[in-house]
Structures are given as structure tokens and as C-alpha cells.
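Okay, so the sequence shown: first residue is 2 according to the working numbering, each after it adds one. Have a look at the structure below before the remarks.
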Amino acid sequence: MQTLTVVVPAYNESEGLREFHARLVAVFAGLDLDCSVLYVDDGSDDDTFAVMRSLAANDARVATLRLSRNFGKELALTAGLDHTDADAVVVIDADLQDPPELIREFVAHWRAGCDVVYGTRASRDGETRLKKLTASTFYRVIGRLSDTPVPRDTGDFRLLSRRAVDALKRVRERQRFMKGLFTWVGFRQKAVVYARDPRFAGATKWNYWKLWNFAIDGITSFSGAPLKLATYLGLGVAVLSFVFGLWIVAKALLFGDPVQGYPTIMVTILFLGGVQLIALGVIGEYLGRLYVESKQRPLYLVDEYQPTR
Ligand code: UDP
Ligand code: MG
């Protein structure tokens, strides 16, 4: 029989985890696959891991993996994918925003020959208008800039075939924008539209500052466009400055050069200074990431791993 493993990254999700497991197990019952679940505790400080262990004690299909500290969702996911050898792997959030029932449909598409089946949100209940607006702006921007198309309104909820997981495992970059990487592997991809539910319990781990940094990570790891933009901005300003310089010289030759022009000098200095700082900042973003990559640290560290019984 073919095997399916569901990888669930969780950070402080103790309140909802039992309910999640109950719903997941109900889905397993309807699948003629050898199913298991791998809970990844991303260094929670509540009793998430204790709940995971008690689920594992009562259900032989449960494997648990605890990271040595909080590494963030992208790395927790990576750790989970590294610790499974199933024929198909599903990645899902622990907060029940993504309905586990959809896995049935994912499996059907996988059986029909798809390698990556991903859930695309038709709606996002229980999220603020500002969050929806910023999310849609982000998807538009990255859609324009990215070399690899990143599907819109698509989270990490998806099913991956064995060869897609193997391909993904070869990507060891530290700055991991998983949504982009899932698409980057290619093969046969398929979208399944669903309605995103509100969180079952607990609160989101993301605030706007984190989301902003996540967006910059996504853009810098999938596009060099900001660097190009900085070049063209510099070029444009240089051309304007040259024209302006010609005009100043001509004016001095024609009408003499009384000492004047304090406003012009101030505006020019400030403007050029600003443009230079922006360009340096853009370069810095890329350079900083290069620095992180070059250190070659391990992506994550495992505290303990308990496979299925
Ligand atoms: N998560 C994680 N590590 C983190 C933050 C989040 O493993 O540092 C998990 C979290 O427990 C949940 C999933 O990633 O299962 C999605 O997180 P969240 O619901 O906070 O994100 P949102 O749905 O608001 O985008
Ligand atoms: Mg969530």
C-alpha cells in the first residue's frame, strides 16, 4: 500500500491540537493509504509538545519531532519534510485554518498524476481587511517581480509527491520562502480552491513587521528586480542631473553668476543623498542574505525525534 504522511508545524498550538488530530484522523479513515502524521514542535513554550506526545502515546500513526528552539515556520516545515519517506506528503497548519478534509481531494489529484497539489484560498474568514489588502498587494508585487511565478492566495497547505519532496530536499538555502520553492520545483502542479476558515484556537504568530520582513525575504530570494530598479533609478537621476547642470552652466554664461541658488544646492544634495542611500539599502539587503548563506550553518537542530511505532 502507498504511504501518506501529513507534516504539521506547530508553535504554541496546544489549545487546538487535539481537535486538529481528531479531524485529521477522520480524514485518514476514508483513505485507502497507509497514513501517518508528523508533528513538528517548533520550540513552543507552552505544552504543545506534551500534547503531541500524548497523541503519539494513543495513536501509533503519530510521529513527533521537536526542534531545539523556535526556528520559524519555513524551517519547521523543512525539518518535517527531511524526516519523512512517504510516497505523498501533505503540509498543513495546525490551527485548522486549512480544512484537513481537503486532503481527500489532494489525494485524488495526486493519484491522477499531479506532483504538487496546492490549496488556493477563495476567501479568508476571520482576517482583518488590512491583512487581506496587504496580502493581495504582496501577491501582486511578487507576481510581477519573481522569476518563478508564485501562485496567488496560496499558503503552504499542499500535497507533494515523493519526487517533488526529493527535489525540494536538495534546496538548502537558508533564506527559505517555501511558497516560492514549492513552485520552483515544477513538475505537474494543480490548484484546488477552498475557503479558508478562521483559526480554531490561539492567535496568529505573525505581526505586520514579521510579515513585512517575510515579504522582503520572498522578493529578494526570487527576484533581482530591486537591484535593477536601483540601477535605473540612479541612471534616471544622473541624466536629470546632467541636463540640470547644462542649464546652470548656460545660465551662468548668459547672465553671469551672482551668488545665489542656496535652495537648488540643498534640494540637489538631499535628493542625491536620498537616492544613494536607497540604492545602498537595496544592495545591503542582498549582501546581508549572502552573508547568512555563506556562514553555512545547519538549517535547524533537532532536540528529539520519535518516529511512528
Ligand atoms: N508556526 C511555526 N513556527 C513559527 C510560527 C508559526 O511552526 O515560528 C506554525 C503555526 O503553529 C501554524 C502555522 O505555522 O501551524 C501557521 O502559523 P499562523 O497560523 O500563525 O500563520 P497565519 O495562518 O496567520 O499565516
Ligand atoms: Mg494560521
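For glycine and all other residues, C-beta sits at the position ideal for the given N, C-alpha and C. None of the values given here were measured: they were computed from a predicted structure.
Would you say the beta carbon of residue i is closer than 8 Å to some non-hydrogen atom of the ligand MG?
i    : result
R200 : yes
D94  : yes
Q190 : no
T205 : yes
Q297 : no
Q98  : yes
Identify which residue in the options has its Cα closest to the Cα of residue i.
i    : options                : result
T49  : G246, E20, P152, P227  : E20
V151 : R145, L34, L5, G181    : G181
D83  : Y40, L291, R200, A202  : Y40
S147 : A226, A204, S124       : A226
L25  : N13, S15, T6, E16      : T6
D323 : S55, D157, C115, L288  : What the structure shows of the chain is the stretch from 2 to 310, and residue 323 is not part of that stretch, so it cannot be assessed.
L134 : E102, T149, D154, R290 : D154
A30  : P101, T65, L68         : P101
K206 : N71, R310, K252        : N71
S223 : V142, L161, T65        : It should be noted that the sequence gives Phe, not Ser, for residue 223. Checking every option, the nearest Cα to that of F223 belongs to V142.
T65  : A136, R164, M53        : M53
G257 : I249, P264, A204       : I249
Y301 : V28, T4, D43           : D43
K45  : S15, P264, S162        : Going by the sequence as given, residue 45 is Ser instead of Lys. Among S15, P264, S162, the Cα nearest to that of S45 is on S15.
G237 : N214, D218, K252, L273 : L273
A51  : N13, L78, A87          : N13
F201 : V92, G73, Y306, D99    : D99
E305 : G81, T4, K252          : G81
G187 : G203, G262, P308, S162 : S162
A204 : A165, L131, A136, A11  : A11
V92  : G285, D60, R159, G114  : R159
L32  : L103, K170, A168, V8   : L103
Buried or exposed, going by whether 16 or more other CB atoms sit within 10 Å of the CB of residue i?
i    : result
V90  : buried
D96  : buried
H75  : Sequence check: residue 75 is Glu here, not His. Classification of E75: buried, given that the 10 Å Cβ count is 16 or more.
M179 : buried
L18  : buried
T85  : buried
I220 : buried
L34  : buried
Q277 : exposed
L56  : buried
S37  : buried
P299 : exposed
A265 : It should be pointed out that residue 265 corresponds to Thr in this sequence rather than to Ala. Exposed, because fewer than 16 other Cβ atoms sit within 10 Å of the Cβ of T265.
A239 : exposed
V268 : exposed
T138 : exposed
I270 : exposed
T129 : exposed
L254 : exposed
With a threshold of 8 Å (Cβ to nearest heavy atom), would residue i be considered close to the ligand UDP?
i    : result
N71  : yes
G237 : no
Q3   : no
K74  : yes
Y287 : no
G156 : yes
E14  : yes
P152 : no
D116 : no
V9   : yes
D43  : yes
A109 : no
Using a Cβ-Cβ cut-off of 9 Å, state whether residue i counts as contacting chain C.
i    : result
E294 : Although the question refers to chain C, the structure presented lacks it and comprises just one protein chain.
Should residue i be listed as close to the ligand NAD, given that the test is whether its C-beta is under 8 Å from any heavy atom?
i   : result
A77 : As for the ligand NAD, it is missing from this structure, which binds only the ligand UDP and the ligand MG.
Quick one: any contact between the region 202-218 and the region 107-124, if contact means 3 or more CB pairs under 8 Å?
The region 202-218 vs the region 107-124: no contact.
Could you tell me whether the region 235-248 touches the region 177-191, where touching means 3 or more Cβ pairs closer than 8 Å? No, the region 235-248 does not touch the region 177-191.
Under 8 Å: do the region 167-177 and the region 283-295 share three or more Cβ pairs, one atom per stretch? A contact is defined here as three or more CB-CB pairs under 8 Å, and the region 167-177 meets this definition with respect to the region 283-295.
Requested in this report: Determine, using beta-carbon pairs with one atom in the region 103-111 and one in the region 124-143, whether at least three such pairs fall under 8 Å.
Outcome: When Cβ pairs closer than 8 Å are counted between the two stretches, the region 103-111 is seen not to touch the region 124-143, the count staying below three.
- Message: Quick check: the region 273-288 against the region 227-235, are at least 3 beta-carbon pairs closer than 8 Å?
- Response: The region 227-235 vs the region 273-288: in contact.
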